[in-house]
Amino acid sequence: MKVVRRPARWFGEAPAEGCGAIGSKAAHLSRLAGVVRTPPGFYVRPLCRPGGGVPGVPVTTLRRMYDRLGDHCGRPDVPVAVSVSAVGAGRRRAYTFLNVQGEEALQTAAAECAAALPGPGAGGVVMVQRLVPATWTAVLRPAGASSAEGGAVEVRACWGLGEDLAADEDRFDSYLVSRRDLAVLERSVADKRVMTVADCGGTARAEVPVARRRRACLDDRQLRRVTRLTAAVYRQLGQPVELTVCCSEGRIHVLVCRSANGDGDGVRSRHDTSR
Numbered sequence: 078m079k080v081v082r083r084p085a086r087w088f089g090e091a092p093a094e095g096c097g098a099i100g101s102k103a104a105h106l107s108r109l110a111g112v113v114r115t116p117p118g119f120y121v122r123p124l125c126r127p128g129g130g131v132p133g134v135p136v137t138t139l140r141r142m143y144d145r146l147g148d149h150c151g152r153p154d155v156p157v158a159v160s161v162s163a164v165g166a167g168r169r170r171a172y173t174f175l176n177v178q179g180e181e182a183l184q185t186a187a188a189e190c191a192a193a194l195p196g197p198g199a200g201g202v203v204m205v206q207r208l209v210p211a212t213w214t215a216v217l218r219p220a221g222a223s224s225a226e227g228g229a230v231e232v233r234a235c236w237g238l239g240e241d242l243a244a245d246e247d248r249f250d251s252y253l254v255s256r257r258d259l260a261v262l263e264r265s266v267a268d269k270r271v272m273t274v275a276d277c278g279g280t281a282r283a284e285v286p287v288a289r290r291r292r293a294c295l296d297d298r299q300l301r302r303v304t305r306l307t308a309a310v311y312r313q314l315g316q317p318v319e320l321t322v323c324c325s326e327g328r329i330h331v332l333v334c335r336s337a338n339g340d341g342d343g344v345r346s347r348h349d350t351s352r
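With this note's numbering applied, the sequence shown covers 78 to 352.
Structure follows, in structure tokens:
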């Protein structure tokens, strides 16, 4: 079925567009929506500027989609995460703004993300997703040769919204879990003194309560859950992927899904945090 390239689309809207058009992050989330728990959201295409200038965003479309997302979530000015899904940009940190609230702030964040894209002709979109108030955030990667049922999963986790996952190793927990029998093969629990939290239309650094600093973010039951989740995603997409997930009120959400082979869906950020 031919996919119509509209200015904006909802995640999960059929037929899904491919990685070559919108980057693996947006394409994979579109295929996973309704299969696993993902935050509701949409993506918009950057606008061509006369003379090949910096790409912009379709403001009217962005406002309309944001208003509809607010209706779906039951609140106006719903907090969102705004990020980039690019094609062929190399495996680098992704431009991501967290806890963006209101149309003006959304337009600013989306414009920054659009400007970071290689250009409309190169493929890529700006993603907008409802922000999940995470208790913990984790990145799940295949460790070595892996399949849906075999190999192992590397898990890195920290409290809060996940900024520390891109930092030094002493700021996040790390685990290695077997896909075959879900056994925890390795475990290293860090002394996690600070975390990133939502604050006043943005994010802030907060102290981790003393009782939680040396406590593992994920217990064995949760490690089994996220490992099973990677297998389910592998079967759905037919390829190994890297997931960013979080836990909120006991529910695990898939925030980011990118190809594990590094097909280039990230653009280095000059400012904000990266999931």
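Even for Gly, the Cβ is constructed at its ideal location relative to N, Cα and C.
Output yes or no for whether 9 angstroms exceeds the beta carbon distance between residue i and residue j.
i: L139; j: L183; result: yes
i: V266; j: V232; result: no
i: G381; j: G200; result: Within the shown structure, residues of the chain are numbered from 78 to 352, placing residue 381 beyond reach of any answer.
i: L146; j: V205; result: yes
i: C334; j: A211; result: no
i: E319; j: L242; result: no
i: V285; j: W236; result: yes
i: D148; j: E180; result: no
i: A275; j: L238; result: yes
i: V164; j: P132; result: no
i: L106; j: V331; result: yes
How big is the Cα-Cα spacing for residue i and residue j?
i: R108; j: G118; result: 13 angstroms
i: R248; j: T214; result: 13 angstroms
i: P135; j: N338; result: 31 angstroms
i: S251; j: A234; result: 6 angstroms
i: S160; j: S325; result: 20 angstroms
i: Y172; j: A158; result: 10 angstroms
i: T115; j: E263; result: 28 angstroms
i: C150; j: R141; result: 14 angstroms
i: L259; j: E240; result: 27 angstroms
i: V303; j: A104; result: 21 angstroms
i: A98; j: L306; result: 26 angstroms
i: V177; j: V230; result: 32 angstroms
i: K102; j: R290; result: 31 angstroms
i: R257; j: A191; result: 41 angstroms
i: A281; j: V209; result: 15 angstroms
i: V310; j: A110; result: 11 angstroms
i: G227; j: R207; result: 33 angstroms
i: V113; j: G327; result: 15 angstroms
i: G89; j: Y143; result: 16 angstroms
i: S162; j: C277; result: 26 angstroms
i: A193; j: R292; result: 38 angstroms
i: I329; j: T185; result: 29 angstroms
i: T321; j: S336; result: 12 angstroms
i: P156; j: G279; result: 9 angstroms
Which of helix, strand or coil does DSSP assign to residue i?
i: D148; result: helix
i: E189; result: helix
i: L194; result: coil
i: A229; result: strand
i: V136; result: helix
i: G100; result: helix
i: Y143; result: helix
i: L238; result: coil
i: M154; result: The amino acid at residue 154 is misidentified as Met; the sequence shows Asp. Correct three-state label for D154: coil.
i: R256; result: coil
i: R83; result: coil
i: L183; result: helix
i: L208; result: coil
i: L122; result: Note that residue 122 is Arg in the sequence shown here, rather than Leu. It is coil, neither helix nor strand.
i: R114; result: coil
i: A243; result: helix
i: A91; result: coil
i: R168; result: Note that R168 has pLDDT 46, beneath the 50 cutoff, so the model's placement of it is unreliable and no number is given.
Inset, instruction - Decide if the stretch 83-98 is in contact with the stretch 114-124; the criterion is three or more beta carbon pairs, one per stretch, under 8 angstroms apart. - result: yes
Legend entry - Any beta strand (DSSP E) of 3 or more consecutive residues that is wholly inside the stretch 258-336: 261-265, 271-276, 279-284, 318-325 and 328-336
Inset, instruction - Count the CB pairs spanning the stretch 290-310 and the stretch 87-102 that are closer than 8 angstroms, and state whether there are at least three. - result: no
Legend entry - Validate contact between the stretch 308-320 and the stretch 262-281 using beta carbons, cut 8 angstroms, 3 pairs: no
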